[in-house]
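A.B. asks: When the letters of the sequence shown are read in order and numbered with the working numbering, they come out as residues 1 to 699. For every residue, glycine included, the Cβ atom is placed at its ideal position computed from N, Cα and C. Below you will find the structure I want to go over with you.
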Amino acid sequence: SDHMENICGYLMKYTNLVTGWQYRYFVLNNDAGLLEYFVNEQSRHLKPRGTLQLAGAVISPSDEDSHTFTVNAASGEQYKLRATDAKERQHWVSRLQICTQHHTEAIGKNNPPLKSRSFSLASQGSANSPGVQRRPSQNAVSFFNVGHHRLPTGKRVPIMQPDHLVDVREMMSQAEGQQRDLIRSIECLPASGHLTSLDQDLLMLKATSMATMNCLNDCFHILQLQHASQQKGSLPAGTTISWLEPKISLANHFKNGAAQNFPAEINKPASVREEQSIAEPCQLTREPEEINPDEELEDLCDDKEDDLGAVEEQRSVILHLLSQLKLGMDLTRVVLPTFILEKRSLLEMYADFMSHPDLFIAITSGSGPEERMIRFVEYYLTSFHEGRKGAIAKKPYNPIIGETFHCSWRMPKSSVATDAGTSSSAHSPSEQVTLPKDAEGQAEPDYYTVKFVAEQVSHHPPVSGFYAECVERNMCVNAHVWTKSKFLGMSIGVTMVGEGVLHLLEHGEEYTFSLPCAYARSILTVPWVELGGKVNINCAKTGYSASINFHTKPFYGGKLHRVTGEVKQNMTNTVVCRVQGEWNSVLEFTYSNGETKYVDLTKLSVTRKRVRPLEKQGPFESRRLWQHVTESLRDGDIDKATEHKRALEERQRNEERLRAETETPWCTKYFLKDGDGWVYHKPLWKTVSAAQTQQTDSN
């Protein structure tokens with residue numbers, strides 16, 4: 001057809017860091033399903049310099065620019081290519097995708113059954129003997145060692161019992177382990193010789209085995225739903241069964257070679273049984289709990305994230321994930337591999353953005369609205385370095401609905417005063433903050449306390465609310481964030497939808513702000529994170545605003561993690577401060593009076609947060625909720641971490657299903673719905689307002 005035309009032409013191909021990009025002449029051979037390239041057009045009659053088999057390949061436009069795209073072959077080989085413009089890239093990508101789809105489907109359609117063409121990959125031969133021996137006598141049934149049980153004709157299928165489902169799960173787990181061994185053995189074959197990893201029969205076996213396991217997982221999931229409905233009564237007429245999770249949990253693909261067993265409930269670890277047996281959250285007390293900061297201890301946990309060199313070892317897993325995704329696809333319901341997880345919840349990550357409470361407290365001490373806006377910008381830009389814990393792109397745990405996180409920070413008053421007075425000679429505080437009336441008569445501590453609480457208020461969409469306050473300085477911040485993840489080709493983008501408001505009650509000022517997007521780049525090699533997008537900070541009362549741009553790295557040249565911004569007075573349109581630098585390195589602030597200040601984020605002191613010991617935490621507080629996953633990750637036991645994570649996620653799905661069936665709304669604990677946002681139930685501005693009203697009435 002017209003869409004299956006053979007095309008050819010020059011493209012730039014990335015070779016390595018030394019050689020860089022080079023022009024090569026590429027030929028798409030639709031009949032053979034091959035992408036070949038030559039040094040130039042004149043050498044086309046010679047042997048190709050390189051050839052990629054397109055069956056089972058993944059073609060991905062890059063988000064680096066509008067010209068680049070990648071071709072990831074099923075063998076693991078990758079071509080990174082660049083067209084002259086966006087139109088040419090689209091032409092190549094569309095033709096490659098059509099050819100890839102055609103030959104991938106043809107593998108299953110145009111080849112006869114495997115009964116006379118099965119393989120044994122269990123033994124590896126020497127260099128002279130191929131590692132795969134063809135055994136015509138061995139069929140697919142004997143290879144997988146899975147028995148078929150034929151039901152007697154005319155007999156009704158008995159209702160599936162729970163132990164039967166466990167038996168089926170165990171058999172499927174063994175098949176998955178064998179299928180993974182099969183895939184790995186094929187991919188380990190040499191690229192040339194008697195039998196290669198690009199052998200048509202092996203590619204067919206690879207594709208059909210993966211499709212078979214997908215189908216089996218689909219069927220097993222339907223069986224689970226049907227069994228659940230049989231226990232509660234028949235399904236209402238017109239009810240449809242929809243997927244609650246991706247067809248295959250990618251975590252299962254890490255158990256290379258091991259037959260994964262899911263024992264009966266009584267044989268599960270106590271920690272897993274505990275995770276699955278926690279009662280429905282709405283049946284627990286949903287009354288807000290007042291956390292006593294004196295019960296919190298300085299956090300001595302220092303979970304440094306390991307390098308993600310393991311990604312190379314799990315390349316086939318990532319490629320399999322990419323093959324199931326489409327550009328722009330929402331990743332909210334996608335189960336991501338356990339090995340990329342950070343050892344903390346997303347709610348705790350929001351708390352870590354407050355790791356410089358001295359800068360936060362110093363905002364309200366600014367001598368005027370201009371200085372207070374500048375101080376807020378300084379605090380805002382210094383929060384991301386510690387909040388992200390470096391540039392390694394690992395993902396925090398997705399909070400479970402109803403999950404909460406509490407912590408606090410203590411800052412010596414002398415330390416804050418010294419920092420505020422010396423951090424900028426041109427901007428020193430001159431106003432003193434008066435303690436609230438309800439603190440009178442009490443011994444005044446020699447430190448300031450910043451309290452923090454976060455709660456996962458919604459599961460679909462995933463929305464988190466968090467609130468922090470310093471009562472002594474009459475200031476607080478309230479925010480809600482909806483994390484929207486999208487697949488962008490060779491990277492993942494996370495948009496932080498929502499808004500935060502900083503309240504400086506002493507001055508009657510409110511500062512609204514948003515958050516930048518985050519991107520996980522190079523997800524096929526060693527992922528790294530960068531921030532991007534434009535954010536705005538506004539104070540309607542004073543007329544000051546700030547515009548901050550987080551720049552993503554351009555394809556050629558440029559610096560990583562660059563940020564620029566300016567603070568201006570809207571009424572006069574006067575820029576009073578400019579900032580530039582890197583959000584994880586050094587920031588340069590230039591003021592309207594010509595003075596310049598440098599802030600080295602790597603040398604800023606980090607104040608450790610204070611948290612309650614695990615034994616004093618509630619069952620839905622982040623660290624206690626995820627403690628077994630975290631411990632397993634610390635021990636490097638990915639299988640065990642995956643098991644605990646799956647137990648938590650399954651419990652959440654069961655609870656969500658039960659609420660839907662009983663039409664029971666979810667009850668939040670600390671945050672209340674306010675229009676499109678969420679507000680802390682007892683914010684400082686209400687407390688202060690009530691105290692002032694009471695004082696006025698008494699007078």
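Would DSSP call Trp92 helix, strand or coil?
C.D. replies: It is helical.
A.B. asks: For a minimum of 3 consecutive residues, which ranges assigned as the beta strand (DSSP E) are wholly contained in the stretch 452 to 520?
C.D. replies: Runs found: 463 to 470, 475 to 487, 492 to 504 and 509 to 513.
A.B. asks: Please determine if the stretch 464 to 471 and the stretch 485 to 494 are in contact, where contact requires at least 3 C-beta pairs separated by less than 8 Å.
C.D. replies: These segments do not touch.
A.B. asks: If the criterion is Cβ atoms closer than 7 Å, does the pair Ile537 and Phe513 meet it?
C.D. replies: Yes; because the gap between Cβ atoms is below 7 Å, this pair is in contact.
A.B. asks: For Ile7, I'd like the list of residues in its chain whose CB is within less than 6 Å of its CB, leaving aside the five on either flank, ordered along the chain.
C.D. replies: The residues are Leu28 and Arg95.
A.B. asks: Would you report the Cα separation of Gly402 and Glu287, rounded to the nearest angstrom?
C.D. replies: Cα to Cα, Gly402 sits roughly 12 Å from Glu287.
A.B. asks: Which of the three DSSP states, helix, strand or coil, is assigned to Ser547?
C.D. replies: Looking at Ser547 - three-state DSSP - the assignment turns out to be strand.
A.B. asks: Which one of Thr602, Thr572 and Gly543 has the shortest CA to CA distance from Trp583?
C.D. replies: Per the Cα distances, Thr602.
A.B. asks: With a Cβ-Cβ cutoff of 7 Å, do Phe376 and Tyr511 count as a contact?
C.D. replies: Result yes, Cβ atoms of Phe376 and Tyr511 sit closer than 7 Å.
A.B. asks: Does DSSP classify Thr434 as helix, strand or coil?
C.D. replies: Its pLDDT being 42, under 50, Thr434 is placed unreliably in this model, and the coordinates cannot settle the point.
A.B. asks: Compute the Euclidean distance between the alpha carbons of Asp181 and Ala207, then round it to the nearest angstrom.
C.D. replies: The straight-line gap from Cα to Cα measures roughly 14 Å.
A.B. asks: Does DSSP put Ser204 in a helix, a strand or coil?
C.D. replies: One point to set straight first is that residue 204 is Met, not Ser, in the sequence displayed. Reduced to three states, the DSSP call for Met204 is helix.
A.B. asks: Under 8 Å, with one C-beta from each stretch per pair, do the stretch 601 to 615 and the stretch 361 to 369 reach the 3-pair mark?
C.D. replies: No, because fewer than three Cβ pairs between the stretch 601 to 615 and the stretch 361 to 369 fall closer than 8 Å, the two stretches do not touch.
A.B. asks: On a CA-only basis, which of Asn654, Glu631 and Glu656 is nearest His644? Give me that one, please.
C.D. replies: Nearest of Asn654, Glu631 and Glu656 to His644, Cα basis: Glu631.
A.B. asks: Does DSSP put Asp181 in a helix, a strand or coil?
C.D. replies: Helix, per DSSP.
A.B. asks: Quick one: complete beta strand (DSSP E) runs, 3+ long, within the stretch 639 to 677?
C.D. replies: Within the stretch 639 to 677, the complete beta strand (DSSP E) runs of at least 3 residues are 671 to 674.
A.B. asks: Please work out which residues of its chain come closer than 6 Å, Cβ to Cβ, to Arg24, disregarding the five sequence neighbours upstream and downstream, and give them in chain order.
C.D. replies: Cβ within range, chain order: Lys13 and Tyr37.
A.B. asks: Quick one: what does DSSP say Met411 is sitting in, helix, strand or coil?
C.D. replies: In this structure, Met411 counts as strand in the three-state DSSP scheme.
A.B. asks: To the nearest angstrom, how far is it from the Cα of Ser622 to the Cα of His628?
C.D. replies: Looking at the two C-alpha atoms, the distance is approximately 11 Å.
A.B. asks: When DSSP builds the beta bridges, which residues end up paired with Lys395?
C.D. replies: The partner list for Lys395 (beta bridge, DSSP) reads Leu341.
A.B. asks: Would you list the one or two residues that DSSP bridges to Cys539?
C.D. replies: Partner(s): Tyr511 and Tyr544.
A.B. asks: Given Thr382, which residues of its chain have a CB within under 7 Å of its CB, disregarding the five upstream and five downstream residues?
C.D. replies: His356, Leu359, Val599, Leu601 and Leu604, listed in sequence order.
A.B. asks: Taking the alpha helix (DSSP H) that Met12 falls in, what are its first and last residues?
C.D. replies: Not the alpha helix (DSSP H): Met12 falls in the beta strand (DSSP E), residues Ile7 to Tyr14.
A.B. asks: Can you list, in chain order, the residues of its chain with a C-beta nearer than 6 Å to that of Pro61? Leave out the 5 residues immediately preceding and following it.
C.D. replies: Closer than 6 Å at Cβ, skipping near neighbours: Phe69, Val93 and Gly489.
A.B. asks: Ends of the beta strand (DSSP E) at Val576?
C.D. replies: Note, Val576: beta strand (DSSP E), Thr574 to Glu582.
A.B. asks: Nearest chain C C-beta to Thr104 closer than 7 Å, yes or no?
C.D. replies: Within the model displayed, chain C is absent; a lone protein chain is all it includes.
A.B. asks: For a quick check, are the C-beta atoms of Lys669 and Cys407 less than 7 Å apart?
C.D. replies: Not closer than 7 Å, so no.
A.B. asks: When DSSP labels each residue in this structure, what does His406 get in the three-state scheme?
C.D. replies: Strand, per DSSP.
A.B. asks: Tell me the residue span of the beta strand (DSSP E) that contains Asp600.
C.D. replies: Note, Asp600: beta strand (DSSP E), Thr596 to Asp600.
A.B. asks: Could you tell me the boundaries of the alpha helix (DSSP H) in which Glu631 lies?
C.D. replies: It spans Gln627 to Arg634 - the alpha helix (DSSP H) in which Glu631 sits, taken as one unbroken run.
A.B. asks: Hey, Tyr700 and Met411 are a contact pair by Cβ (cut 8 Å); roughly how many whole angstroms apart?
C.D. replies: Lying before the first or after the last residue shown, residue 700 is absent from the chain, which here runs from 1 to 699.
A.B. asks: Taking only three categories from DSSP, how would you classify Pro357?
C.D. replies: The answer is helix: DSSP assigns Pro357 an H, G or I state.
A.B. asks: Report buried or exposed for Val132, applying the criterion of at least 16 other Cβ atoms within 10 angstroms of its Cβ.
C.D. replies: Confidence is the limiting factor: at Val132 the pLDDT is only 37, short of 50, which leaves the residue's position unreliable and the question unanswerable from this model.
A.B. asks: Roughly how many angstroms separate the alpha carbons of Ala127 and Asp63, rounded to a whole number?
C.D. replies: Because the pLDDT of Ala127 is 38, which lies under 50, any placement of that residue in the model is unreliable, and the number read from its coordinates should be weighed accordingly. Straight-line Cα distance between these residues: approximately 42 Å.
A.B. asks: Grab me the residues of Pro516's own chain with a C-beta within less than 6 Å of its C-beta, minus the 5 sequence neighbours each way, in chain order.
C.D. replies: Within the same chain, Pro516 has close Cβ partners Leu531, Gly533, Val535 and Phe550.
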